[in-house]
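Contents: one structure, followed by commentary.
In my numbering, the protein residues as written are 1 to 340.
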């Protein structure tokens with residue numbers, strides 16, 4: 001599915017989206033329950049069994065709560081819609097999640113409706129109830145592509161970091177805890193480089209099923225997570241295959257999307273990404289996204305320097321670059337001269 005930046009909301013939402021992607025490849029729930037006494041397990045064994053459980057599509061469903069506190073300054077009124085894409089930066093979010101061998105469904109609960117991602121082996125649907133619009137992407141079973149990421153898709157984030165970023169971290173077992181009534185190991189991943197603002201990633205893994213139950217991102221030198229994705233309730237019963245199908249309501253607007261399509265889920269006035277450049281590796285990676293224009297009210301947010309990363313806009317006359325990384329602003333400045 002074509003990746004696009006909206007002229008308004010997506011520029012700010014992209015900061016969070018890219019930050020989480022870099023960290024994994026996205027609510028402070030109380031922990032009053034007693035610490036469970038679990039058998040010892042080696043970090044490498046826990047990682048391997050978690051990857052196997054996710055790859056085997058162990059059924060899981062429940063309610064996922066998310067919390068993001070990246071120190072974003074006061075947002076323009078154009079981005080303050082509690083149902084807009086930038087809402088993940090403004091308030092805690094709630095998702096209903098269903099995952100199993102037949103697909104995945106993530107429903108973001110909004111004040112006056114919901115936004116759904118539904119994916120199976122042949123179709124990906126994105127439904128926005130407030131716009132009464134559905135976007136459909138047909139999947140080629142011969143060359144399947146993963147569904148677009150959702151902040152509520154904990155399995156996707158955890159498997160990405162364990163599979164793709166494990167060579168850039170030191171892994172340890174940081175004890176145990178209870179998540180959504182389930183005993184869980186706490187797997188701690190500490191970046192092996194001092195060049196990133198990311199201090200550590202804590203992943204709670206269900207002791208019985210080895211499915212991930214929470215993900216927390218901590219800035220360097222801080223004991224407070226700034227990004228948390230965590231099950232508030234969870235079940236491991238099989239999920240009916242009908243949960244992974246979607247039929248648009250009568251009279252809904254349906255838009256077909258392809259890899260070459262100039263439109264995708266979002267607001268009017270979308271601008272296609274014109275190119276992406278990558279600098280560095282692991283958690284020092286910097287992403288530069290070329291875009292046609294940056295609206296004035298969005299431009300005022302930059303340069304951004306937060307607890308977990310930095311972002312800036314580089315002007316090049318007829319285009320601009322959105323530059324983002326889990327690094328300090330000085331690291332962004334070093335790559336800016338390399339952008340045409």
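Don't be surprised by glycine CBs; every beta carbon is placed ideally from N, CA and C.
Nothing here was measured: the structure is a model prediction, and the numbers come from that model.
Taking residue i and residue j to be in contact with their CB atoms under 8 Å, please state how far apart those CB atoms are, rounded to whole angstroms.
i	j	result
residue 311	residue 234	About 33 Å separates the two Cβ atoms, so there is no contact after all.
residue 60	residue 246	Going by Cβ atoms, the distance from residue 60 to residue 246 rounds to 20 Å, so no, they are not a contact pair.
residue 113	residue 129	3 Å
residue 228	residue 35	Incorrect: roughly 19 Å between the Cβ atoms, too far for contact.
residue 284	residue 193	6 Å
residue 118	residue 131	Not really, about 16 Å apart at Cβ, beyond 8 Å.
residue 41	residue 231	20 Å between Cβ atoms; not a contact.
residue 187	residue 171	7 Å
residue 219	residue 158	Actually they do not touch by this definition, with Cβ atoms about 19 Å apart.
residue 335	residue 288	7 Å
residue 313	residue 300	Contact doesn't hold; Cβ gap of about 10 Å is too wide.
Put residue i into one of helix, strand or coil per three-state DSSP.
i	result
residue 337	helix
residue 323	strand
residue 251	coil
residue 45	helix
residue 329	helix
residue 258	coil
residue 230	strand
residue 239	coil
residue 164	helix
residue 31	Caution is warranted here: a pLDDT of 44 is assigned to residue 31, below 50, making its placement in the model unreliable, and the coordinate value is therefore given only provisionally. Correct three-state label for residue 31: coil.
residue 159	helix
residue 341	Examination of residue 341 is not possible in this model, given that the chain is present from 1 through 340 alone.
residue 225	coil
residue 126	strand
residue 245	coil
residue 54	helix
residue 217	strand
residue 38	coil
residue 110	strand
If we ignore side chains and look at the alpha-carbon of each, how far apart do residue i and residue j end up?
i	j	result
residue 290	residue 101	37 Å
residue 120	residue 337	43 Å
residue 286	residue 278	6 Å
residue 308	residue 250	44 Å
residue 329	residue 275	22 Å
residue 95	residue 68	14 Å
residue 127	residue 62	20 Å
residue 323	residue 223	27 Å
residue 134	residue 39	47 Å
residue 176	residue 255	46 Å
residue 185	residue 54	16 Å
residue 340	residue 293	15 Å
residue 98	residue 45	26 Å
residue 47	residue 163	9 Å
residue 216	residue 226	8 Å
residue 196	residue 190	11 Å
residue 315	residue 244	43 Å
residue 282	residue 168	6 Å
residue 123	residue 203	30 Å
residue 183	residue 161	22 Å
residue 70	residue 199	14 Å
residue 125	residue 205	29 Å
residue 239	residue 58	10 Å
residue 389	residue 37	What is shown of the chain runs 1 to 340, which leaves residue 389 out entirely.
residue 115	residue 155	19 Å
residue 306	residue 326	9 Å
residue 221	residue 331	19 Å
residue 360	residue 207	Residue 360 lies beyond the range of the chain shown here (1 to 340); nothing can be said about it.
residue 304	residue 253	37 Å
residue 248	residue 136	10 Å
residue 43	residue 201	14 Å
residue 92	residue 318	37 Å
residue 111	residue 138	30 Å
residue 241	residue 56	16 Å
residue 320	residue 295	11 Å
residue 140	residue 49	29 Å
residue 107	residue 214	18 Å
residue 178	residue 109	25 Å
residue 302	residue 165	28 Å
residue 72	residue 280	25 Å
residue 333	residue 297	22 Å
Could you tell me whether any non-hydrogen atom of the ligand SAM is closer than 7 Å to the CB of residue i?
i	result
residue 280	What this structure holds is no ligand at all, so the ligand SAM is not there to describe.
3-residue-minimum beta strand (DSSP E) runs that sit fully inside the region 181 to 208, ordered along the chain: 182 to 191 and 198 to 206
Give the list of continuous alpha helix (DSSP H) stretches no shorter than 4 residues that lie fully inside the region 267 to 307. 296 to 299
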